[in-house]
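What follows is a short report on a single structure.
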Amino acid sequence: MGERWSVEDTWQLITEIRKKSNFQVLFGPEVGENTSGDSKAIVLKGIGEVLFPEAYQTNQKRAGDRVKHRIDYLRKNFKECARCLKKTGEGVQGLYQIAPDGPDHDTDRRAVNIWEEIECEFVYFPELWKMWSTKPNLLPICVTTAVGPHGLETVLVQSFNTPYPPPPPGSAPYQSPRAVLGFANTANDASQAVGNGNSDPSATATPPSTPTPSGADKENMSISSTCRHPRPSSFSASGSIQQTWVLLPQKRGFEEQLMDMSKDMMDKTNRRADDMHQAKKRKYHRLERQQLLEERKLLLEEYKAQAYTLKEYQEKLQELNSNIAVLDGKKLVRAPSPDWDQSLLEKDQEGTEL
């Protein structure tokens with residue numbers, strides 16, 4: 630299981646991957662197709678059984694993991710090589726595309742040169758291109774560059790279904806696939822660098838990192854230099870963020886919410902108890918006042934029955950009225966009593982008795 634992959638094993642792996650049942654599960658079905666229903670792990674183990682039958686009998690999972698790691702290696706290198714071939718600024722202008730079967734007689738010579746160089750360094754690339762060049766998850770449909778002096782640029786990577794306009798002028802310097810894949814640079818790399826679509830093997834080698842622009846490139850550079858640069862914006866992202874900064878309150882915890890609930894319940898209980906106490910107090914005052922009124926009425930009857938003298942009657946009446954005023958919550962206000970002539974009152978009482 631720890632052995633390195635040989636070229637024959639890798640080609641056999643590509644053959645197994647290209648089988649329709651395996652390809653649909655590993656990389657997704659085409660429009661209108663259905664998969665077998667197996668998981669990727671089952672398919673990887675099945676491929677491992679075909680490639681390494683003895684190791685599969687020992688450990689099925691490790692056999693499947695070995696196949697998965699090799700597929701990841703192929704996919705990573707395929708993306709890097711496809712970026713050399715398709716990404717803007719790496720040799721091929723704007724809208725040049727290559728069909729899944731590879732370059733043909735209509736393919737631009739610059740693209741063919743890069744294709745041949747990639748094939749020399751990564752021999753599996755043509756077969757992988759047939760499988761993966763139409764998969765958006767491996768090769769994007771389009772690539773949009775970052776904001777630069779000439780604004781945004783969108784490069785359509787996959788082929789058109791309808792005719793498309795010619796590519797815009799201007800392209801960035803070419804980068805060798807050796808540099809992308811991490812191989813050592815040689816004089817052969819520089820001899821394959823392309824300036825205007827024609828390569829001259831006998832020309833002086835130029836490092837890929839510092840290419841010499843040809844006449845067509847200089848012309849394109851002069852044309853692009855006349856483009857209007859975007860105007861500087863007065864918008865400040867950091868300033869707008871600082872202006873809209875709002876300090877959010879700290880989220881209340883469960884204990885704080887529980888304490889608030891307990892406090893609300895205690896407040897409601899206390900208010901209810903106060904209301905009941907006030908209601909009982911009003912009821913008691915009403916009964917007590919009614920009793921005092923009955924006593925005052927009875928006092929008048931007793932005075933008429935001559936049970937009390939006038940002075941005693943007045944004292945008791947004043948006491949009852951004071952108690953009633955206290956219950957009513959009012960201060961007793963009364964007019965000053967006139968001066969009584971006690972002799973006349975006694976005479977009146979004596980005359981009444983006779």
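In the working numbering, the protein residues as written are 630 to 983.
The C-beta atom is built at its ideal place from N, Cα and C for all residues, glycine as well.
Bear in mind that the values here come from a model prediction, so they are computed numbers and not experimental data.
Give me the residue from VAL696, PHE652 and ARG915 with the minimum Cα distance to SER635. By one-based count along the sequence shown, residue 635 stands at place 6. Selected option, being the one with the closest Cα: VAL696.
Cut-off 7 Å between Cβ atoms - residues of its own chain near VAL654, not counting five sequence neighbours on either side: If you number the sequence shown from 1, residue 654 lands on position 25. So the qualifying residues of the chain are THR664, SER665, ASP667, LYS669 and VAL672.
Have a look at LEU949 and TYR932 and give me their C-alpha separation to the nearest angstrom. Sequence index remark: in the sequence shown, residue 949 carries index 320 (1-based). Sequence index remark: in the sequence shown, residue 932 carries index 303 (1-based). Answer to the nearest angstrom: the Cα atoms are 14 Å apart.
How long is the line joining the alpha carbons of GLN641 and ARG712, rounded to whole angstroms? Here residue 641 is taken as the residue at index 12 of the sequence shown, counted from 1. Here residue 712 is taken as the residue at index 83 of the sequence shown, counted from 1. Put simply, the backbone Cα of GLN641 is about 26 Å away from that of ARG712.
In whole angstroms, what separates the C-alpha of ARG991 from that of ASP735? Here the chain covers residues 630 to 983 and nothing more, so residue 991 does not appear.
Candidates SER951, LYS909 and MET895, of which the one nearest LEU922 by Cα: Here residue 922 is taken as the residue at index 293 of the sequence shown, counted from 1. Of SER951, LYS909 and MET895, the residue nearest in Cα terms is SER951.
Go ahead and pull the three-state DSSP assignment for LYS764. Counted from its first residue, the sequence shown places residue 764 at position 135. Here LYS764 carries a coil assignment [DSSP, helix/strand/coil].
Close-in-space but distant-in-sequence residues of the same chain around ASN651 (CB under 8 Å, 5 per side omitted): In the sequence shown, counting from the first residue as 1, residue 651 sits at position 22. Within its own chain, the residues whose Cβ lies closer than 8 Å to the Cβ of ASN651, once the five positions on either side in sequence are excluded, are GLU645, VAL672, GLY675 and ILE676, listed in chain order.
Helix or strand or just coil, what does DSSP make of ASN663? Locating residue 663 in the sequence shown gives position 34, counting from the first residue. Collapsing the DSSP output to three states places ASN663 in coil.
Measuring straight from C-alpha to C-alpha, what distance separates LYS764 and ILE747? Reading the sequence shown from its first residue, position 135 is the one you call residue 764. Reading the sequence shown from its first residue, position 118 is the one you call residue 747. Answer to the nearest angstrom: the Cα atoms are 20 Å apart.
Looking only at its chain, what residues have a beta carbon closer than 7 Å to the beta carbon of PHE754, apart from the 5 residues adjacent to it on each side? As a working mapping, residue 754 is identified with position 125 in the sequence shown. The residues PHE707, CYS710, ILE747 and GLU748, in chain order, have a CB closer than 7 Å to that of PHE754 in the same chain once the five nearest residues on each side in sequence are set aside.
CB TRP744 to CB PRO732, shorter than 7 Å? Against the sequence shown, residue 744 aligns to sequence position 115. Against the sequence shown, residue 732 aligns to sequence position 103. The Cβ-Cβ distance between TRP744 and PRO732 falls below 7 Å.
Going straight from the alpha carbon of PHE681 to that of GLN689, what length do you get? Indexing the sequence shown from 1 puts residue 681 at position 52. Indexing the sequence shown from 1 puts residue 689 at position 60. Between PHE681 and GLN689, the C-alpha separation is close to 10 Å.
Would you identify the three-state DSSP class for LYS649, choosing helix, strand or coil? Position 20 of the sequence shown, counted from the start, is the residue given in the question as residue 649. In the three-state reduction of the DSSP assignment, LYS649 falls in the helix class.
If I follow the unbroken alpha helix (DSSP H) through LYS880, where does it start and stop? On the sequence shown, position 251 is the one that residue 880 refers to. Premise fails: LYS880 is in no alpha helix (DSSP H) and is neither H nor E.
According to the neighbour-count rule (16 or more other Cβ atoms, all chains shown, within 10 Å of its Cβ), is ALA692 buried or exposed? Taking the first residue of the sequence shown as position 1, residue 692 is located at position 63. Buried is the label assigned to ALA692, since at least 16 other Cβ atoms lie within 10 Å of its Cβ.
Tell me whether SER891 is buried or exposed, calling it buried when 16 or more other Cβ atoms sit within 10 Å of its Cβ. The count along the sequence shown starts at 1 and reaches residue 891 at position 262. SER891 comes out exposed.
For ALA902, does the three-state DSSP call read helix, strand or coil? Taking the first residue of the sequence shown as position 1, residue 902 is located at position 273. Per DSSP, reduced to three states, the secondary structure at ALA902 is helical.
Cβ-Cβ distance between GLU917 and LEU956 below 7 Å: Mapped onto the sequence shown, residue 917 falls at position 288. Mapped onto the sequence shown, residue 956 falls at position 327. Cβ atoms of GLU917 and LEU956: closer than 7 Å.
Candidates GLU678, LYS945, VAL741 and ASP889, of which the one nearest ASP638 by Cα: Walking along the sequence shown from the start, residue 638 turns up at place 9. Cα-wise, what sits closest to ASP638 is GLU678.
In this structure, how does DSSP classify THR639 when only helix, strand and coil are distinguished? Counted from its first residue, the sequence shown places residue 639 at position 10. Correct three-state label for THR639: helix.
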